[in-house]
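Novice: Shown below is the structure under consideration.
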Amino acid sequence: MPAVLKSKSNGSGLGRHTTVTAVLFCFAVIVAVVTIMVLTALERVSENANVLDDERSRETTVGAVKTFEDQLAATLDDYAAWDDAAANVYSPAGMAWTISNYGEMSVNSPLFDMAIVIDDEKKTIMAYQDGQPMPKPVGDFFAPSLWLLLDKARAPDAGDKPEATGFVRTQKGIAAVGVALVREKSGGLTVPAGQHRYLIFARHLDDAKVEALGDTYVLHGLRLVPAEFSSAYSVEIADPARTVLGKLIWVSRSPGDIGYAQVRPMVIQALGLVGLFFVVLLIIGWMAGRRLKAEEITAREEALRDRLSGLSNRDGLGLAVDRFVAQAQQTKQNVLLLYLDLDGFKEVNDSYGHGTGDQLIRAVAAGLDVLIPEGAVLARIGGDEFAIAFLSEAEHAAALQLAEQILDFLAEPLEVGRRIVVVGASIGIAMSALGSIAREELVRRADLAMYKAKEAGRARMTLYDPAMDTDRETRNALELDLRMAIENGDLTLAYQPLVDAATHEMHGVEALVRWNRPGHGPVSPEIFIPIAETSGLIESLGLFVLRKACETAKQWPELKISVNVSPGQFRNPAFTDYVRYVLKQTELEASRITLEITEGYMIQNPQRTRQSIERLKSLGVKVALDDFGSGFSSIGYLRQFGFDRIKIDRSLVTDIIGNSRQREMLQATVALARALDIPVTAEGIETEEQAVALRLFGCDSLQGYFFGKPMSADHINDLLQERREARVLRRIAG
Ligand code: C2E
Ligand code: CA
Ligand code: CA
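Numbering (the numbering used here), first residue to last: 39 to 772.
In structure tokens:
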């Protein structure tokens, strides 16, 4: 099957599809970028939150350490600046008081775990740890930095608060230690310098206390570690000599990290959803694009297909030929193009209706499809026009052979529905050798060749010939001039006498159209009538001739008048009406008119011809078969058509004197017509011999140069006048 062409192209739909995809892709990229930006911002926020929190933790830890030391300092101040203490600590009898109020208070006290009293010589007066007397000397238990505190408390610039606190390493660990002069609450002291006594409190920073600090100040994982321990989150504890004793470390809560960890999945989910939304959009867009594309392809295929026949249409053919031409250039082949016009399709349509016409087109399409070579494209390019294009190694021969097969196929009667119809075809052939001729020109040539085939007569094939182009131009100019001539009423009529075979007396005239083309001289109707037929001018020309002939004939009551009717007119269903109209207008008796038609048309369309003839005869006009014997000579049809007369063609008459076979044929033809009771006219009589012979054969009417050439109406008038005068003379003589 010659598939309808599929072609790829970047249609607007496809472009739209690509744009949609591109836009969606951009959105997807934007979503990704936004995701990254949002996550980066969140990370930044979380980092800041972490830094802020760590800062706070550090400050809190510093505060905790300070408070730890300050609490000890406050407690120490309470116990040292105490009137009772000033009275007892310096008194030899006050030892019991000292032990019970200082030493034994160190048990289970949250405020201090060691209480020591020393004198100015650093000699231990009393030393208690956790409520028990200390076994070891105080100097061994504390690091020497203790004495720096003592020095500070004793310093003259200590003023009214001879106290000092700080952290000191002990054998038990690290402790907040305070040294304070024991004195009266008011600060007064009766004891002279050098005999002063000092109260030392120590409060160890043990694990339990560190933990309690952590709980109080909400410092997660607060721990005391050696000085060497390195951590990003630490606060150093240094002694009065600025020696680092240890570090308090904690675990960063990284609230930013926590928040980030909480928010991140949500952000990712949200943006993921947005992304998903775009993916869905993309998919929908893509699917819509695909559907659009599919629809477009179908629409394009539809646009290239002829609905009735299912074949390619003119556009489809154009694409195929373009493709073939391009291919031919590469493969060094030839593109052959056949243009085919059905003869007689219009008649089938007119007489049987469009349904039958459509069926005929389908039948022809199916038949052609079988005949065409593989790879060929078959197209229907007009009402009854087909085209076949194909690539071939061969030259015209391939196309001629195909054309012959097609003509053979179409010569056979076709069964269409319950009817049998006969159509023919005129085929024009053009070739693009090696793809050297582009589509437009190739199509023009095939079309021109087809017109030539049509002009030459039906059921023909014609190869394009460059001479046709000049013919065409000449023809176009002629057509233009003819149109003008008809419009301006420049056509005239000549009248040729028809005489009685026995008396040679004129009993009628045949009207013959004449055209004196300006600048060219007289043009034969044999040239311009076919042009009028193919260009649609025949109707107005025919109408003019008929009216003019009828008008003129009114002045010749003794004559009958014959008018030629071309197939183009006869085919028109309105023809009868316009004959009736002219008759009415001119008030000419219908019986005086003979319409001459040629046989070519009837053969193609017997049924329709019979109907038309019947209708015309019902008007009262006579119908004659013209040019009998020149073409198909289908005498068998004669009777059924009911012709009133037949006219033997001039070509049969010419040779009857020299050629006996020709004479016999003519004799037989006339005899047959006579047998059917149809009167016969012989035309083209140029000699007396011919006139005699044809009368003998049985013709009752004769026409030809021997009796008179086509002449003007005035001339006919003269002839009639002469005849009347001759009659008068004869009557007078008689
Ligand atoms: P036709 O109908 O066969 O007309 C007869 C043609 O033979 C005329 O040629 C006429 O001049 C020519 N003729 C007549 N006697 C002789 C003769 O003895 N010897 C020779 N050699 N020729 C003779 P014409 O006028 O050139 O017309 C040619 C054809 O043009 C006509 O053939 C007819 O078919 C067509 N035609 C002429 N006028 C009209 C018209 O008004 N309408 C239509 N449709 N066709 C017309
Ligand atoms: Ca005629
Ligand atoms: Ca004739």
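Here a beta-carbon is modelled for each residue, glycine too, at the ideal position from N, C-alpha and C.
Express the C-alpha separation of Ser-474 and Gln-368 in angstroms, rounding to a whole number.
Specialist: For Gln-368 and Ser-474, the distance between alpha carbons rounds to 11 Å.
Novice: Assign Thr-500 to buried or exposed, taking buried as 16 or more other Cβ atoms, counted over all protein chains shown, within 10 Å of its Cβ.
Specialist: Buried.
Novice: Quick one: grab the DSSP three-state call for Lys-285.
Specialist: Strand.
Novice: Closer than 7 Å by C-beta to Ala-476: which residues in its own chain qualify, once you throw out the five before and the five after it? Chain order, please.
Specialist: Hits under 7 Å: Val-363.
Novice: Are at least three pairs of beta-carbons, each pair with one atom in the segment 718-735 and one in the segment 679-687, less than 8 Å apart?
Specialist: Cβ pair count under 8 Å is three or more, so yes.
Novice: Please name the residue or residues paired with Ile-212 in a DSSP beta bridge.
Specialist: DSSP output for Ile-212 lists Arg-207 as bridge partner(s).
Novice: Could you tell me the distance, in whole angstroms, from the CA atom of Met-506 to the CA atom of Leu-486?
Specialist: For Met-506 and Leu-486, the distance between alpha carbons rounds to 7 Å.
Novice: Using 7 Å as the cut-off, classify the Cβ of Asp-664 as near or not near the heavy atoms of ligand 2, replying yes or no.
Specialist: It does: the Cβ of Asp-664 is within 7 Å (strictly closer) of some heavy atom of ligand 2.
Novice: Taking the alpha helix (DSSP H) that His-3 belongs to, which residues open and close that run?
Specialist: What is shown of the chain runs 39 to 772, which leaves residue 3 out entirely.
Novice: Would you mind sorting Met-164 into buried or exposed? The rule is 16 or more other CB atoms within 10 Å of its CB.
Specialist: When all chains shown are included, Met-164 counts as buried.
Novice: In the DSSP output, which residue or residues are listed as bridge partners for Ile-684?
Specialist: Paired residue(s): Leu-663, Val-718.
Novice: Indicate the three-state DSSP secondary structure (helix, strand or coil) for Asn-387 in the structure shown.
Specialist: Helix at Asn-387.
Novice: Heavy atom of ligand 1 less than 7 Å from the Cβ of Asn-554, yes or no?
Specialist: Checking the Cβ of Asn-554 against ligand 1 gives no.
Novice: Over what stretch of residues does the alpha helix (DSSP H) that includes His-434 continue unbroken?
Specialist: Start and end: 434-449.
Novice: Any heavy atom of ligand 1 within a distance shorter than 7 Å of the CB on Ser-562?
Specialist: Yes, since a heavy atom of ligand 1 falls inside the 7 Å radius drawn around the Cβ of Ser-562.
Novice: Please confirm whether any heavy atom of ligand 4 lies closer than 7 Å to the CB of Glu-571.
Specialist: This structure simply doesn't include ligand 4; it includes ligand 1, ligand 2 and ligand 3 instead.
Novice: Classify Asp-108 as helix, strand or coil using the three-state DSSP reduction.
Specialist: Three-state result, Asp-108: helix.
Novice: Going by other Cβ atoms of all chains shown within 10 Å of its Cβ, with 16 needed for buried, is Asp-422 buried or exposed?
Specialist: By the 10 Å Cβ count, Asp-422 comes out buried.
Novice: Output yes or no for whether 8 Å exceeds the beta carbon distance between Ser-350 and Ala-417.
Specialist: Yes.
Novice: Got a sec: does ligand 3 put a non-hydrogen atom nearer than 7 Å to the Cβ of Lys-660?
Specialist: It does not: the Cβ of Lys-660 is nowhere closer than 7 Å to a heavy atom of ligand 3.
Novice: Whose CA, out of Val-155, Lys-160, Leu-184, Leu-186, lies closest to the CA of Pro-171?
Specialist: Of Val-155, Lys-160, Leu-184, Leu-186, the residue nearest in Cα terms is Val-155.
Novice: Do Val-459 and Leu-398 have their C-beta atoms closer together than 8 Å?
Specialist: Contact flag set, yes.
Novice: State the beta-bridge partners of Gly-259 as determined by DSSP.
Specialist: Bridge partners of Gly-259: none, in fact.
Novice: Report the start-end ranges of each beta strand (DSSP E) in the segment 98-145 that is 3 residues or longer and not cut off at the edges.
Specialist: Fully enclosed beta strand (DSSP E) runs of 3 or longer: not present.
Novice: Distance, Cα to Cα, Ala-729 vs Leu-409?
Specialist: Spanning the two alpha carbons is a distance of roughly 52 Å.
Novice: Tell me whether Asp-752 is buried or exposed, calling it buried when 16 or more other Cβ atoms sit within 10 Å of its Cβ.
Specialist: Looking at its Cβ environment, which holds fewer than 16 other Cβ atoms inside 10 Å, Asp-752 is exposed.
Novice: Check whether the segment 187-204 touches the segment 109-128, taking contact to mean three or more Cβ pairs, one atom from each stretch, closer than 8 Å.
Specialist: Yes, the segment 187-204 is in contact with the segment 109-128.
Novice: Pull up the CB-CB distance for Ala-497 and Leu-429, whole angstroms please, since I reckon it's below 8 Å.
Specialist: Contact flag wrong, Cβ pair sits at about 27 Å.
Novice: Taking all protein chains shown into account, do 16 or more other C-beta atoms lie within 10 angstroms of the C-beta of Gly-742, making it buried, or fewer, making it exposed?
Specialist: So Gly-742 ends up on the buried side.
Novice: For ligand 2, any of its heavy atoms closer than 7 Å to the Cβ of Glu-634?
Specialist: It does: the Cβ of Glu-634 is within 7 Å (strictly closer) of some heavy atom of ligand 2.
Novice: State the Cα-Cα distance for the pair Ile-145 and Pro-303, rounded to the nearest angstrom.
Specialist: For clarity, residue 145 is Val in the given sequence; the question names Ile instead. If you take the alpha carbons of Val-145 and Pro-303, they lie about 54 Å apart.
Novice: Determine the direct distance from the alpha carbon of Asp-381 to that of Pro-644, and round the result to whole angstroms.
Specialist: Cα to Cα, Pro-644 sits roughly 14 Å from Asp-381.
Novice: Who does Thr-530 pair with in a DSSP beta bridge?
Specialist: DSSP lists Arg-552 as partners of Thr-530.
Novice: Starting from the C-beta of Arg-207, find all residues in its chain whose C-beta is less than 6 Å away, skip the five residues before and the five after it, and write them out in chain order.
Specialist: The residues are Ala-181, Leu-283.
Novice: In chain order, what residues of the same chain lie with their CB nearer than 7 Å to the CB of Gly-49, ignoring the 5 residues before and after it?
Specialist: In this predicted model, Gly-49 has a pLDDT of only 43, less than 50, meaning its place in the structure is not dependable; the value taken from the coordinates is given anyway. Counting only Cβ-Cβ distances below 7 Å, and skipping sequence neighbours, we find Glu-334.
Novice: Is the closest heavy atom of ligand 3 to the C-beta of Asp-687 under 7 Å?
Specialist: Correct: Asp-687 has its Cβ closer than 7 Å to ligand 3.
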